[in-house]
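2 protein chains.
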Amino acid sequence: MARAKGSGLPELRATGGGRVRMEDVAAVAGVSVATVSRAFGKPDSVSPELRRRVLESAERLGFRPSVLAGSLASARARIVGVVVPSLLTSFFGMTLEALAGRLGPAGYQMMVGHHEYDLEREEALVAASLDWSPAAIVVTGATHSRATLSALARAECPVVEMWEISERPIDAAVGFSNREAGRAVARHLIAGGRRRLAFVGGAMARDLRAAARGQGFVEAALEAGLPEPRVEVLEERSSTAGGIAAFARLMDADEPPEAIAFSNDFLALGALFEAQRRGVRIPEDVALAGYGDLEFAANSTPTLTTVRPPHRAIGTAVADHLLRRFEDPGAGGEIIDLGFELVARASG
Amino acid sequence: MARAKGSGLPELRATGGGRVRMEDVAAVAGVSVATVSRAFGKPDSVSPELRRRVLESAERLGFRPSVLAGSLASARARIVGVVVPSLLTSFFGMTLEALAGRLGPAGYQMMVGHHEYDLEREEALVAASLDWSPAAIVVTGATHSRATLSALARAECPVVEMWEISERPIDAAVGFSNREAGRAVARHLIAGGRRRLAFVGGAMARDLRAAARGQGFVEAALEAGLPEPRVEVLEERSSTAGGIAAFARLMDADEPPEAIAFSNDFLALGALFEAQRRGVRIPEDVALAGYGDLEFAANSTPTLTTVRPPHRAIGTAVADHLLRRFEDPGAGGEIIDLGFELVARASG
DNA sequence: ATGAAAGCGCTAACAT
DNA sequence: ATGTTAGCGCTTTCAT
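Residue numbers (full-length UniProt numbering), protein chains in the order written: chain A, 1 to 348; chain B, 1 to 348.
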């Protein structure tokens, strides 16, 4: 792969093999590589005339800076590693879209990984992300393995934990209190006159935020002087099938609950399906509440009472926080509580 | 940030500032950087003894190779750029999870971007991906802008188009025929004795695969000698709200259809909700069919007839195809038709 | 099997 | 404002 070296003649390079480098652009524009680099990186530090010439030459040659080389030289890659539990739910999808929506235009790419609520896999993903010297790393939740924690603490970039807020985050946290969300649902159901409550949680052993909601739910019931709610723990996460099974078990008990809260709207949807089959009236016979405020919750028959987490807002806030810190490396982490919203509808 | 240079003493480096480089590991292990590089990159080319020493020293120092530097030096980054329309539906989520599930263990990271079915945004995402010199790039669908097409054609890496198969893909294609899927639904409904058909499509102007299904649906109806199906095009994609509105419009018409196919299960779910409200019996009064075989389709009341696309299989097949080509750079693109499955249930 | 040395393509001091 | 010159931390010939 022959290539003209040194102060080349300002000719167009032959088509074909070999990538176009800054050196080539510099030669054609009649400037140094530093100027070309500046014209792209900090346009204001280059005179309008030269900037024009550089950009024009670059355009003519079809030059695209190698972000790999740029990252290595500047010791910072415009990558943000994002680690979420799953790519299947619209929850994290919303957050990712909001995140990418702000990060993309700012020139940052997302490197995404998912771990199915497995802390060991999270560990591997965090390590893999860190290997790229990312500009920042975003993880989900406030609970991590020892190794993840120390890797994150050692990281030379901003670290944000999202979807849950803890008192002492590693660096920054953006989310809301899942426990409070659980309490809010219980209080709402209790205010509706229900006394025998139940909670159905999907994969709470691994999904610690669902577990936190369940915990808050039970707490609030006890504080209100009600009998301890029955808690059904499902193996799977968020499936209508799980909701159907749990609903059936609960309603077939000697003393069926008067209200059931689910850790996910899909679970509640399953209960709606099963209630319809059984002729159980919602909310007359039993009140139902979900979590997530997925699109169908507002349109089901009956419409579903649920909790709306700040999915998009989390993504936007994380992005804004990071962009601010990229601009001002002096800025530190912060805790941003975005809250949640209880959406009372017909089901309970 | 002081750092010992030259042939250092084989001491442990001081804690704190500065990253551990191969040079440090080499010094401690008493070998050259080349050997350290080989010990990590091609372990078989290093004697067992030295390999052990290198790995041990690396471990002791907490050394992690800079993949940025490695990528630059070898001119290939272990990144796969993946561009999907959306991160909100489990369709692409499934594919992404399957893809990451195979690519991750092989040492490749996914760089994900979404474009909301906007070909211009796809163009930008493809360009941004290419800037990283990825090992491969995966895009969704077979239709792209001129610029995207030429950028992809010029790319020095495998390019795979997924979720649709075309006769002449840019390089490789993994998916199924959306048009055939539409035809299959129509044939199924017709076989059930329905003659007045309708199709409800979400955002078909942009979601070209949904449009292809609609086209196939209409074609099959005409071929069967039926009157041309009414086609309702919705602005939004896949919402129960849209399904409700379309169902209402269709059923309020002078001659309501005997069967309705939707471009998405959520649309059909909305119709189910609305039918329940109106007391319209499914499938007695009107048959309903969806697309996607989302989890709830098997559990709704009534259960939903739908088409199951090979979401996971697409991800796995794309990953396998790529991994094969990474091993054997001589291998070329291929067209992999994974088919789809019509799942007949109670709704139609 | 191992080492020496030359880059990979760019950024960032440091000069001018 | 622009150019010169070191690297960034690896991989990879090419020797030995």
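We put the CB at the ideal spot given by N, CA and C, even for glycine.
Beta-carbon within less than 8 Å of L267(B)'s beta-carbon, same chain only, minus the 5 sequence neighbours each way: which residues are those? By 1-based counting over the second sequence, the position of residue 267(B) is 267. These residues qualify, in order along the chain: V200, G202, L234, S238, S239, T240, G242, G243, A246 and G290.
Just how far apart, CA to CA, sit R51(B) and G70(B)? On the second sequence, position 51 is the one that residue 51(B) refers to. On the second sequence, position 70 is the one that residue 70(B) refers to. When rounded, the distance between both Cα atoms is 19 Å.
Just mark R213(B) as buried or exposed, buried being the case when its beta carbon has 16 or more other beta carbons within 10 Å. The count along the second sequence starts at 1 and reaches residue 213(B) at position 213. Buried, because 16 or more other Cβ atoms sit within 10 Å of the Cβ of R213(B).
P229(B) bridges to which residues according to DSSP? Taking the second sequence and counting its residues from 1, one reaches residue 229(B) at position 229. Paired residues: none, contrary to the question.
Return the first residue and the last residue of the beta strand (DSSP E) that T306(B) is part of. Taking the first residue of the second sequence as position 1, residue 306(B) is located at position 306. Element bounds for T306(B): T306 to R308.
C-beta contact flag for M162(A) and I314(A) at 9 Å: The sequence position of residue 162(A) within the first sequence is 162, counting from 1. The sequence position of residue 314(A) within the first sequence is 314, counting from 1. The answer is yes: Cβ separation under 9 Å.
Whole-Å CB distance - E167(B) paired with G175(B), under 8 Å assumed: By one-based count along the second sequence, residue 167(B) stands at place 167. By one-based count along the second sequence, residue 175(B) stands at place 175. Rounded, the Cβ-Cβ distance is 13 Å, inconsistent with contact.
Three-state secondary structure (DSSP) of V280(B): Counting from one through the second sequence, the residue named residue 280(B) turns up at place 280. The answer is coil: DSSP assigns V280(B) none of H, G, I, E or B.
For R21(B), three-class secondary structure by DSSP: Here residue 21(B) is taken as the residue at index 21 of the second sequence, counted from 1. DSSP places R21(B) in coil when its eight states are reduced to three.
Endpoints, beta strand (DSSP E) assigned at E341(B): Position 341 of the second sequence, counting from 1, holds the residue named residue 341(B). Unbroken beta strand (DSSP E) run through E341(B): E341 to V343.
V126(B) bridges to which residues according to DSSP? Counting from 1 along the second sequence, the entry for residue 126(B) is found at position 126. Beta-bridge pairing links V126(B) to no other residue.
Within the same chain, show all residues whose beta-carbon is closer than 6 Å to that of L269(A), passing over the 5 residues directly before and after it, in chain order. As a working mapping, residue 269(A) is identified with position 269 in the first sequence. Same-chain partners within the cutoff: T240.
Which residues in the same chain have their Cβ closer than 6 Å to the Cβ of A181(A), if we skip the five residues on either side of it in sequence? Position 181 of the first sequence holds residue 181(A). Same-chain partners within the cutoff: R213, V307 and F340.
Straight-line gap, A26(B) to L322(B) (C-alpha atoms, nearest Å): Position 26 of the second sequence, counted from the first residue, corresponds to residue 26(B). Position 322 of the second sequence, counted from the first residue, corresponds to residue 322(B). Each residue's Cα considered, the two are about 34 Å apart.
9 Å Cβ cutoff met for G104(A) and A124(B): Here residue 104(A) refers to the residue found at position 104 of the first sequence. Here residue 124(B) refers to the residue found at position 124 of the second sequence. The answer is yes: Cβ separation under 9 Å.
Separation of A221(B) from V84(A), as counted between CA atoms: Residue numbering aside, residue 84(A) sits at position 84 when the first sequence is read from its first letter. Residue numbering aside, residue 221(B) sits at position 221 when the second sequence is read from its first letter. If you take the alpha carbons of V84(A) and A221(B), they lie about 44 Å apart.
Report yes or no: is there a C-beta of chain B within less than 9 Å of the C-beta of L87(A)? As a working mapping, residue 87(A) is identified with position 87 in the first sequence. Yes - at least one Cβ of chain B is within 9 Å of the one on L87(A).
Taking the C-alpha atoms as reference points, what is the distance between E327(A) and T89(B)? Walking along the first sequence from the start, residue 327(A) turns up at place 327. Walking along the second sequence from the start, residue 89(B) turns up at place 89. If you take the alpha carbons of E327(A) and T89(B), they lie about 33 Å apart.
List the endpoints of the continuous alpha helix (DSSP H) containing T89(B). Your numbering for residue 89(B) matches position 89 in the second sequence. Taken as a continuous stretch (DSSP letters only), T89(B) belongs to no alpha helix (DSSP H), as it is neither H nor E.
Alpha carbon to alpha carbon, how far is S300(A) from V343(A)? Give it in angstroms, no decimals. Residue 343(A) sits at position 343 when you count from the first residue of the first sequence. Residue 300(A) sits at position 300 when you count from the first residue of the first sequence. Looking at the two C-alpha atoms, the distance is approximately 14 Å.
Just mark G30(B) as buried or exposed, buried being the case when its beta carbon has 16 or more other beta carbons within 10 Å. Here residue 30(B) corresponds to residue number 30 of the second sequence, with the count starting at 1. Result: exposed.
Buried or exposed for R325(A), going by 16 or more other Cβ atoms inside 10 Å? Mapped onto the first sequence, residue 325(A) falls at position 325. Flag for R325(A) reads buried.
Top-ranked residue by Cα proximity to W132(B), from S37(B), G81(B) and L96(B): By one-based count along the second sequence, residue 132(B) stands at place 132. That would be G81(B), whose Cα lies nearest to the Cα of W132(B).
Closest by C-alpha distance to I260(A), when choosing among G193(A), S86(A) and G225(A): Looking up residue 260(A) in the first sequence gives position 260. Comparing Cα positions, the closest option is G193(A).
In the DSSP output, what is M162(B) paired with across the bridge? By one-based count along the second sequence, residue 162(B) stands at place 162. Answer by DSSP bridge pairing, in chain order: T140(B) and V174(B).
Whose C-alpha, out of R21(A), E236(A) and A198(A), is nearest the C-alpha of A205(A)? The count along the first sequence starts at 1 and reaches residue 205(A) at position 205. The shortest C-alpha separation from A205(A) is found at E236(A).
Which class does K5(B) belong to by DSSP, given the choice of helix, strand or coil? Indexing the second sequence from 1 puts residue 5(B) at position 5. For K5(B), the pLDDT reaches just 35, beneath the cut-off of 50, and the residue's location in the model is therefore unreliable, leaving the point undetermined.
Output the residue ranges of the beta strand (DSSP E) runs that lie fully inside the segment 192-244 of chain B and measure 3 residues or longer, sorted by chain position. 197-202 and 230-234
May I ask which residues mark the beginning and end of the alpha helix (DSSP H) holding A147(B)? Sequence index remark: in the second sequence, residue 147(B) carries index 147 (1-based). It spans R146 to R154 - the alpha helix (DSSP H) in which A147(B) sits, taken as one unbroken run.
N- and C-terminal bounds of the beta strand (DSSP E) containing H114(B): Along the second sequence, one-based indexing puts residue 114(B) at 114. Taken as a continuous stretch (DSSP letters only), the beta strand (DSSP E) holding H114(B) covers Q109 to H114.
Which residues in the same chain have their Cβ closer than 7 Å to the Cβ of L348(A), if we skip the five residues on either side of it in sequence? The residue given as residue 348(A) occupies position 348 in the first sequence. The amino acid occupying residue 348(A) in the given sequence is Gly; Leu does not appear at that position. Taken in chain order, the residues that qualify are L189, G192, A259, P283, A287, L288, A289 and T305.
Under 9 Å by beta carbon: chain B residues contacting F266(A): Here residue 266(A) is taken as the residue at index 266 of the first sequence, counted from 1. Near F266(A) (Cβ distances below 9 Å), the residues of chain B are E295 and F296.
Beta-carbon of F326(B) versus every beta-carbon of chain A: anything under 9 Å? As a position in the second sequence, residue 326(B) is number 326, starting the count at 1. No, F326(B) lies away from the interface with chain A (no Cβ there is under 9 Å from its Cβ).
Starting from A289(B), follow its DSSP beta bridges and name the residues at the other end. The count along the second sequence starts at 1 and reaches residue 289(B) at position 289. A261(B) and T305(B).
Pair within 9 Å by beta-carbon distance, L208(B) and Y108(B): Stepping through the second sequence from its first residue, residue 208(B) is reached at position 208. Stepping through the second sequence from its first residue, residue 108(B) is reached at position 108. Not in contact: L208(B) and Y108(B) (Cβ atoms no closer than 9 Å).
Please name the residue in A297(B), F91(B), V280(B) and V54(B) whose C-alpha comes closest to that of D24(B). By 1-based counting over the second sequence, the position of residue 24(B) is 24. Checking every option, the nearest Cα to that of D24(B) belongs to V54(B).
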